[in-house]
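*Asks:*
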Amino acid sequence: SDPDELIDRAADPAAADVLASMVAIAPDGYDADDIDERVRLSQRRRLLVRDVDGAQGTPSPWSWQARPGDDARYVRGGGLRNGEHATKARARLPLVDEAHESGPGT
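Printed below as a string of structure tokens:
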């Protein structure tokens, strides 16, 4: 039993039929090539803005601020070093090692 679905069963022969049916319906209604092209273009644009912003000194938060000081008042995105994950990790006691991809108990 794996109620939290922590075990990857994609390679499990007993789950092959379920996997095949999911793979078959996953692309329905989507143009994967178009999505890939638009995502990569968006990433290039955002990376350009990030690089230009970073070259100007301390990068500002990308989130809209309703009032001055919102960047300090709210936890914003910022990745593992500066954002929500980092803030929560610093508050976790006792400090724990990062999770491993293979799941619990390994």
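In the numbering used here, the protein residues as written are 6 to 111.
Ideal placement from N, C-alpha and C gives every residue a C-beta, glycine not left out.
Keep in mind it's a predicted model, so treat the numbers as computed, not measured.
Contact check, A31 vs L24 under 8 Å by CB: the rounded distance?
*Replies:* Not confirmed; about 10 Å, so no contact.
*Asks:* Taking the alpha helix (DSSP H) that E10 belongs to, which residues open and close that run?
*Replies:* Run containing E10: none; DSSP gives neither H nor E here.
*Asks:* Cα separation between Y35 and D41?
*Replies:* So the two alpha carbons sit approximately 11 Å from each other.
*Asks:* Does DSSP classify P18 as helix, strand or coil?
*Replies:* DSSP places P18 in helix when its eight states are reduced to three.
*Asks:* Could you have a look at T111 and say whether DSSP puts it in helix, strand or coil?
*Replies:* Reliability fails at T111, whose pLDDT of 48 lies under 50, so the model's placement of it is uncertain and the value that follows must be treated cautiously. Of the three classes helix, strand and coil, the one that applies to T111 here is coil, per DSSP.
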